[in-house]
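Positions -9 to 809 (the working numbering) are the ones given, in order, by the sequence shown.
Working notes, beginning with the structure itself.
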Amino acid sequence: MRKNMAGAFIGGAALGAAFGELFSVIKNLGERAINFSSVLKEIEFKVKAILPLLKEIDGLNEALGYTKEEMEKLRNLIEDGKRLLLKCGDDKLGKLKWLKTPIYTGKLRELDASIRSFMDVLQLQTARDMKKNLTMTEKLMETRRNPDTNGGVSNTVDSRPCQVPDLGEESVGLNKPVEELKVKLLKDGVRMLVVTAPGGCGKTTLAVRFCHDKLIKDKFQNILFLTVSSKPDTKHILKDVILSLKWPKVLSYSQEDEQTLWSEARWLGQSSSNPVLIVLDDVWEGSESECLLSKFLLMPNCKILVTSRFKFPRFGEPYYLEPLNHQDARELFHRSASLDKKPRFPDEEIVEKIIRGCKRFPLALKVVARSLSGRAASVWKVAERKLCRGDSILGSERELMECLQSSLDAIPDENMVIKECFMDLGSFPEDQRIRVATFIDVCAVLYEQDECEAMTNLEGLSTRTLVSSVSLRNEACEDDYHSESYFTQHDVLRELAIQLINEKPVDQRTKLLLDINRNDFPKWWSEKEMQPSNARLLSITTDETFLSCWPDMEATEVEVLILNLLSKTYNLPEFMNRMNRLKALIVTNYGLLQTELGGGYQLTNCLSRLERIRLERISIPPFSNQNLKPLSHLKKISFYMCKVDKAFTNCSTQISTVLPNLLEISIDFCNDLMALPIGLCEIVSLEKLSITNCHGLTLLPEELGKLIDLKTLRLRSCIHLKELPESISRLQELVNLDISHCLGLTKLPEKIGKLQKLEKLNMWSCSISKPPASLRNLKNLKTVVCEKEIAKWFNIVSPRLRKLVKEHTEEANLDWLLA
C-alpha cells in the first residue's frame, strides 16, 4: 500500500509539471494557430485555472492516496493534447491547412471537453481527499484517546501539533483561578495575560485546566498549546502554529524564513472565522522571549495566555497564582499518593503533618506523595519526623530542588547581586512579612547600594516570582518612604536559600543562618569546633524559650547582624564586642508584646563602625549615665512598634554627642511617644525625620527649627498632632513636608511661605479648612496633594498653585493591623 501511494505522489508531482508544459505550448503557438484561436483561448483558460490546484496537489503528503490508474489517464490526456497542439501550429501543412482546419478544430474541441471533464473529476477528488484526511485525523485522535487500539491507523503518522495536553487527575484547587482567568483574558481589549508563580506551583496545570473549560472550548474553536522553555526555537514554534491552523489540509511545512513564517501566521489568525487561543507555556526571562511575546501580541483575532516564573510587566498586570489552601493541598496529596486506592491507609495524623511540612506547595506535595505511595508505615513515620523537626524537603527530593534552583540559575551573571539578595532573605523567619526598609538596610551595607538600587533588586526578585511584593497602603508614597511596605516569600523558596547557603562548611560561608530552638545550639558552635570566620551576614533566630545564654563566637568579619526573637527579655550577645566591622544591627521581635532589650548600650563602646540600627517591637531602655563613645558612623536609626519614650527622657547624656553624624530617624507605630524629645532636635546633621502612625504624639517642640539641614519632615498619620511649631519656617533646606492623615491638625503656621526650597506638600486628609495665604510665596513648589475642598481654595488664591494640585482619594486599608 505504501509503495503504491508513494508512486501516486510522484505521479501527482509529474502531473503538475506536464500541465505546465501544456500551457507553454499554447502560449508559444502565437499566430501560427490563428485559425484555432477561439478554441485555444478556452483551452488556455481552463489549463490556467487548473495549474494552481495541481501545484497544491504537488505539495500534499503521500497520504492523499491517488491511485496509479488515475494518474495514467490524466497523463495520457496531456500527452495527446500536446501532440495535437503542435500539429495545429505546424507550418509544413502549407496549402492543406484549410482542409485540415475543421478536422483539427473538432479534435481541439474534444480536448477542451476532456479538460473540462478532468476539472470536474479533480474537484471530486479534492473533496474525496479532504474526507480522507478528516477520517484519518479522527482515527488518529481516537488512537490518542485509546492508545491500546490503533483504529487501523499507522502509529508512524504524526499527530496534530500544539494540542492541549490531557487533564490529569491531580488538577485540584483551580476552579477559582480558572474563573478569574476567564474574567481577565476574555475582557475586551485584553490580548495577552501572563500567569506567574514560582516553579512547581501549578501554572501549567492551570493553563491546561483553562483550555479544557467548556466556555473556553465553545468560544475558541482553535486552541494552540505550545511549550516555549528557556531557549525558544521561534521557527519551530511558528511552524507548529501554522500547521495547527491549517490542519488537516496541510500535514507538513518546510518554510524557513522567519519573516515569512510570521506573516503567514498573522494571516491565518486574521482569516480564521473563529477567535484563536494560543497558550505559551513555560516562558523564561530573556530578550528572545520578550521579542517572541511582542510579536505574538500582534497576532490578529487571537488571545494569548502565557505561563511563566517571570512577570513580564511590560505586557500588563500579571495574574499571580496563589498557593493552595489546606483542603486543596490535602486533596492533591491524597490523589498523588493514591491513598484512596490503597488497601492500607496510613495514620491520618501522620499524613496531616507531612502535608503541612510540604508548605502547600503543589510540586512538593506531588513529589513527596509519590515517594511515599505504597511504602511501609515506618517510612511514613520517618518522613513525618524529619519534616516536624525542621528538615528541608529539598534535601531528599532532588526533582523539587532542581525545579526551584533553575530559576536562580537563569539569572544573568551581571545580575548576580539579585541572587545574593535572594539568599539574604533566608535570614528572616518563615511565614513572616519582611520589611522593605529592612531589605534596603541590608543592601546598603553588603552591596553598597542606595535605596533606588536596592528597590531594583527587590523588583528583580519580584518579577522572577522569588518574592511576593505587597504594599500596606493604596496611597502613592514617595520613592524613599518604605516604612509601610513589606513583602513575603514562600517557605519552600526560603528553604532553597538556606539549602544553597549551607552547602559550604561553616567556616567558608559568607552568610551564616542559625535557628536556635530550646537553647539547642549547633555542635560546632557549642563545642567550638569551627568558627564563621568569613561570614559577612549573621542571622540568629531564637524561640520564646531562649534564655540569652550565648556561647562565645568569633565572627569578626560580620557586617550585618540580624537577630530574630520571640522571648520577653533578650540580652545582646557579648561576642558583639569583637565585631569591629559591624555596620548594620537589625533586631526584630516577632511576638505580640515588646521585648525588654538589655545589654545593648554596654556594647556601644565597641560598635564604632555601626552605620544603621533597626529595632522592631523592642522596649528600649534609657541611655545610661556613663560616658558613651560617639557612634560617629551611625547614619540611620529606625524604630518600629517600639517603646521609645524612656530612651530619650531623663537622660544626662546629650543625644547629639552620641549620634553626632546621624542623617535619618524613622519612628513608626510607637504610640508611647507623646512629644518629640528635645534632644533629637540637637542633632543638626539630621536630613530626614519621619514620625508616622504615632497616635500619641500631640506636640512638636519649638526646637524643631534647629534642624537646619532637614530636607524631609514626615508626620503622616499622627492623628492627635494639633499644630506645627512656628519655628518650622527656619527649615530652609526642607524639600518634602508630609502631614497627611493628621486629623487633629487644623491649621498651618502663617510663616510656612518662607520654606523657599519646599517642592512637595502632602496635606491629604487633614482638618485644615483654610491654608495660610503665604503658601503662594512657595516658588519651588511642584506638587500639592490634597482633597477637593482644599484644591478649590488653591484655585481661588493662586491659579499657579492650582496647576500643581493632585486631588487624591484613598480607600480604607486596615492591613497595618496585621503588621
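Glycine is no exception: its CB is placed at the ideal position from the N, C-alpha and C atoms.
Model, not experiment: these values are computed from the prediction.
- prompt: With distances taken from CA atoms, which of Arg790, Ala781, Pro761, Glu749 is nearest Lys772?
  reply: Glu749
query: Can you pull the DSSP bridge partners for Ser680?
result: Ser656, Arg704
CB of Leu267 within 8 Å of CB of Ile206, strictly: yes
task: Answer with buried or exposed for Val180, where buried requires no fewer than 16 other C-beta atoms within 10 angstroms of its C-beta.
output: exposed
Length of the line joining the Cα atoms of Ser144 and Pro151: Bear in mind that a pLDDT of 34 at Ser144, under 50, signals an unreliable position, so the model cannot answer this.
query: What residue range is occupied by the uninterrupted alpha helix (DSSP H) comprising Ala187?
result: Taken as a continuous stretch (DSSP letters only), Ala187 belongs to no alpha helix (DSSP H), as it is neither H nor E.
query: Within this structure, are the beta carbons of Thr578 and Glu606 separated by less than 8 Å?
result: The Cβ atoms of Thr578 and Glu606 lie closer than 8 Å to each other.
task: Measure the C-alpha to C-alpha separation of Leu555 and Leu575 and round it to an integer number of angstroms.
output: 14 Å
- prompt: So is His480 buried or exposed if we call it buried at 16+ other beta carbons inside 10 Å?
  reply: buried
Alpha-carbon to alpha-carbon, Gln153 and Glu128: Since pLDDT at Glu128 reaches only 49, below the 50 mark, its modelled position is unreliable, and no value is offered.
message: Only counting the same chain, and skipping five residues up and downstream in sequence, which positions put a Cβ closer than 7 Å to that of Asn405?
response: Gly450
- prompt: Can we say the region 523 to 538 touches the region 547 to 565, given the rule of at least three CB pairs closer than 8 Å?
  reply: yes
field: Inter-residue spacing [alpha-carbon to alpha-carbon] between Asp662 and Leu679
entry: 17 Å
query: Rounded to the nearest angstrom, how far is the Cβ of Glu601 from that of Lys625, given a contact under 8 Å?
result: 5 Å
message: Once DSSP output is grouped into helix, strand and coil, what is the label at Leu270?
response: strand
- request: Pair every Cβ in the region 473 to 492 with every Cβ in the region 421 to 428, then say whether three or more of these pairs are closer than 8 Å.
  value: The region 473 to 492 makes contact with the region 421 to 428: 3 or more CB pairs, one atom from each, lie closer than 8 Å.
- prompt: Do Pro715 and Glu692 have their C-beta atoms within less than 8 Å of each other?
  reply: yes
query: Can you name, in chain order, every residue of its own chain whose Cβ lies under 8 Å from the Cβ of Leu448, other than the five neighbours on each side?
result: Cys411, Val426, Phe429, Val457, Ser459, Phe477
message: I'd like the span of the alpha helix (DSSP H) that includes Arg379, first residue to last.
response: First-last for Arg379: undefined, no H or E at that position.
Lys814 in three-state terms, based on DSSP: Past the boundaries of the shown model lies residue 814; the chain is included only from -9 to 809, so the question cannot be answered.
query: Could you give the distance in angstroms between the alpha-carbon of Val269 and the alpha-carbon of Phe286?
result: 11 Å
- request: Reducing DSSP to helix, strand and coil, say where Val168 ends up.
  value: helix
query: Closest to Gly416 by CA distance: which of Tyr471, Val795, Leu486, Asp542 is it?
result: Leu486
message: Please determine whether the Cβ atom of Ser755 lies at a distance below 7 Å from any heavy atom of the ligand SAM.
response: Among the components of this structure there are no ligands whatsoever, and the ligand SAM is therefore not found.
- prompt: Based on the DSSP output, what are the partners of Asn212 in its beta bridges?
  reply: Val266
query: When the Cα of His710 is compared with those of Gly734, Ala763, Leu362, which residue comes out closest?
result: Gly734
message: Contact between the region 184 to 201 and the region 247 to 261 is defined here as three or more beta-carbon pairs at a separation below 8 Å; is this criterion met?
response: no
query: So who's on the other strand from Ser628, going by DSSP bridges?
result: Arg604, Ser656
Start-to-end residues for the beta strand (DSSP E) that takes in Asp318: Segment 316 to 327 is the alpha helix (DSSP H) holding Asp318; no beta strand (DSSP E) there.
field: Beta-carbon separation (whole angstroms), Glu547 vs Arg571, contact threshold 8 Å
entry: 6 Å
- prompt: What's the call for His226, buried or exposed, on a 16-neighbour Cβ count within 10 Å?
  reply: So His226 counts as exposed.
message: If I measure Cβ to Cβ from Pro167 and keep anything under 7 Å in the same chain, skipping five residues before and after, which residues do I get?
response: The answer, listed in chain order, is Leu196, Leu311.
message: Rounded to the nearest angstrom, what separates Gln644 and Leu751 at their Cα positions?
response: One C-alpha to the other measures close to 32 Å.
message: If I measure Cβ to Cβ from Val358 and keep anything under 6 Å in the same chain, skipping five residues before and after, which residues do I get?
response: Cys348
- request: Please say whether Lys301 and Thr453 have beta carbons closer to each other than 8 Å?
  value: yes
Beta carbon of Lys356 nearer than 8 Å to that of Ser326: yes
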